[in-house]
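J.: Residue numbering for the sequence shown follows the working numbering, beginning at 25 and increasing consecutively.
For every residue, glycine included, the Cβ atom is placed at its ideal position computed from N, Cα and C.
These numbers come from a predicted model, not from an experiment.
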Amino acid sequence: MKRVLSGIQPTSDSLHLGNYLGAVKQWVALQDGHDAFYCIVDLHALTVETEPSLLRRRTLTTAAQLIAFGISPEKSTLFVQSQVPAHNQLGWLMECMAGFGEASRMTQFKDKSSKTGADSARVALFTYPMLQAADILLYQADLVPVGEDQRQHIELTRDLAGRFNTRYGESFKIPDGLIVKSAAKINDLQEPTTKMSKSSGSVAGVIEIMDAPEVNAKKIKSSMTDAGSEVRFDEREKPGISNLMTIHSALSGQSLSALEDEFAGKGYGDFKGAVADVVTEYLRPIRERALELLEDEAHLIELLHAGGAKARKVAAGTIESVYKNLGTLA
25 MKRVLSGIQP TSDSLHLGNY LGAVKQWVAL QDGHDAFYCI VDLHALTVET
75 EPSLLRRRTL TTAAQLIAFG ISPEKSTLFV QSQVPAHNQL GWLMECMAGF
125 GEASRMTQFK DKSSKTGADS ARVALFTYPM LQAADILLYQ ADLVPVGEDQ
175 RQHIELTRDL AGRFNTRYGE SFKIPDGLIV KSAAKINDLQ EPTTKMSKSS
225 GSVAGVIEIM DAPEVNAKKI KSSMTDAGSE VRFDEREKPG ISNLMTIHSA
275 LSGQSLSALE DEFAGKGYGD FKGAVADVVT EYLRPIRERA LELLEDEAHL
325 IELLHAGGAK ARKVAAGTIE SVYKNLGTLA
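The structure is reproduced here in structure tokens:
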């Protein structure tokens with residue numbers, strides 16, 4: 025089976041609907057027929073100021089949600105990045121392989137540092153693409169499911185792996201990015217032309233998995249819509265209602281055309297109510313399962329430790345081969 029690897033940062037108390045439909049739903053599907061490795065990349069979360077107790081809680085909450093979504097510790101290797109010291113070891117070697125110029129061209133650093141100024145940005149924010157490359161190469165992944173915005177990081181990973189292999193001998197499998205074209209693009213409820221994100225100006229536009237059903241229902245019913253009242257999919261002229269239609273379709277399985285037919289002659293209020301019902305009922309059992317897992321913290325940590333042990337075994341083989349090819353005496 026081809027090996028799949030992807031990761032998610034524990035940077036908030038809840039994942040949101042965009043995380044699920046844009047990434048995690050595909051991870052769940054990929055478990056069947058692939059050797060899946062899914063990592064909670066807590067070391068990447070340290071590029072911003074982090075309270076230790078908050079990082080711990082968010083790491084466990086992220087793990088609970090992933091399992092509640094359908095990531096199976098039996099089918100997949102689910103682990104936390106910091107459980108595998110080899111990530112740091114290989115991350116340093118990737119820094120030694122990367123040029124300053126190519127690291128400077130990474131758009132994510134430029135975007136994030138422009139908000140606060142490069143002088144105040146953490147050095148780790150600049151170098152984290154090399155750690156991200158190590159995350160992938162450490163497990164000899166064949167496929168890396170990512171969003172379009174991560175394509176540049178996959179290309180850097182492929183370049184670094186190829187460079188290392190050429191200079192020091194075959195050490196890494198060259199991974200392919202798996203850009204899932206069919207993934208639903210979910211936008212902010214209050215700013216429907218921008219992607220749903222926890223970094224947006226207001227939480228009012230974000231459907232959070234761990235929010236109570238009534239909270240998400242209120243957000244949907246208060247969402248920004250467009251001129252007129254016709255329920256019709258048109259992302260250019262009707263971005264607000266089109267976003268809600270995308271959400272409904274992704275969770276209910278109804279086609280956009282079927283939704284247009286069903287709500288012909290009805291207004292936005294009726295449709296918002298229907299979307300709220302679909303979202304809350306879909307997320308309710310996921311939230312309940314996540315809360316159940318968090319109640320038994322010891323068992324959840326045990327599951328992550330088991331995944332970490334499996335990950336360390338694979339990572340150790342890669343590091344041993346890499347160090348041998350480098351000529352170190354490790």
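Could you check what DSSP says for glycine 42 in three-state terms: helix, strand or coil?
T.: Helix, per DSSP.
J.: Along the chain, where does the beta strand (DSSP E) that runs through tyrosine 306 open and close?
T.: In the DSSP assignment, tyrosine 306 falls outside any beta strand (DSSP E) and within the unbroken alpha helix (DSSP H) covering 292-319.
J.: For cysteine 63, does the count of other Cβ atoms within 10 angstroms reach 16, so buried, or fall short, so exposed?
T.: buried
J.: Between the Cα of threonine 86 and those of Cys120, Ile325 and Ala354, spot the shortest distance and give me the residue it belongs to.
T.: Ile325
J.: Does DSSP classify tyrosine 163 as helix, strand or coil?
T.: coil
J.: For leucine 180 and leucine 117, I'd like the C-alpha separation in whole angstroms.
T.: 14 Å
J.: Roughly how many whole angstroms lie between the Cα atoms of glutamate 284 and threonine 218?
T.: 23 Å
J.: Report all residues from its chain with a CB closer than 6 Å to the CB of valine 346; omit the five preceding and five following residues, and keep chain order.
T.: Ser195
J.: Roughly how many angstroms lie between the CA atoms of glutamate 254 and glutamine 164, to the nearest whole one?
T.: Here the C-alpha atom of glutamate 254 lies approximately 50 Å from the C-alpha atom of glutamine 164.
J.: Assess contact between the stretch 166-180 and the stretch 86-97, defined as three or more Cβ pairs (one per stretch) separated by less than 8 Å. Is contact present?
T.: no
J.: Assuming leucine 114 and leucine 84 make a contact with CB atoms under 8 Å, what is their CB distance in whole Å?
T.: Between leucine 84 and leucine 114 the Cβ distance is about 26 Å, and since that is not below 8 Å, they are no contact.
J.: Sort Ala251, Met269, Ser226 and Thr342 by Cα distance to glutamate 261 and report the nearest one.
T.: Ala251
J.: Leaving out five residues on either side along the sequence, give the residues of the same chain with a beta carbon under 8 Å from the beta carbon of leucine 350.
T.: Leu117 and Tyr192
J.: Terminal residues of the continuous beta strand (DSSP E) containing threonine 181?
T.: Boundaries for threonine 181: no beta strand (DSSP E) harbours it, while the alpha helix (DSSP H) harbouring it runs 175-192, taken from the DSSP string.
J.: Taking the alpha-carbon positions, what's the methionine 234 to arginine 313 distance?
T.: Answer to the nearest angstrom: the Cα atoms are 10 Å apart.
J.: With distances taken from CA atoms, which of Ala288, Ala274, Ala333 and Lys334 is nearest tyrosine 306?
T.: Ala274
J.: Using the three-state DSSP reduction, which class does alanine 60 fall into: helix, strand or coil?
T.: Residue state, collapsed to three classes: strand.
J.: Tell me serine 30's beta-bridge partners as DSSP assigns them.
T.: Bridge pairing for serine 30: Tyr62 [DSSP].
J.: Under 8 Å between the Cβ atoms of valine 28 and phenylalanine 61?
T.: Taking 8 Å as the Cβ cut-off, valine 28 and phenylalanine 61 qualify as a contacting pair.
J.: From serine 96 to leucine 328, what distance separates their C-alpha atoms?
T.: 11 Å
J.: Around the Cβ of arginine 311, are there at least 16 other Cβ atoms within 10 angstroms (buried) or fewer (exposed)?
T.: buried
J.: Under 8 Å, do proline 199 and leucine 149 count as touching if we go by C-beta distance?
T.: No.
J.: DSSP has valine 104 in a bridge; who is on the other side?
T.: Answer by DSSP bridge pairing, in chain order: Ile64.
J.: Return the chain-ordered list of same chain residues with a C-beta closer than 6 Å to the C-beta of lysine 197, the five sequence neighbours on each side being excluded.
T.: Apart from sequence neighbours up to five positions away, the residues of its chain that approach lysine 197 with a beta-carbon distance below 6 Å are Gln164, ordered along the chain.
J.: Which residues share a DSSP beta bridge with asparagine 211?
T.: Paired residue(s): Lys219.
J.: Check whether the Cβ atoms of isoleucine 210 and glycine 42 sit closer than 8 Å, and answer yes or no.
T.: yes
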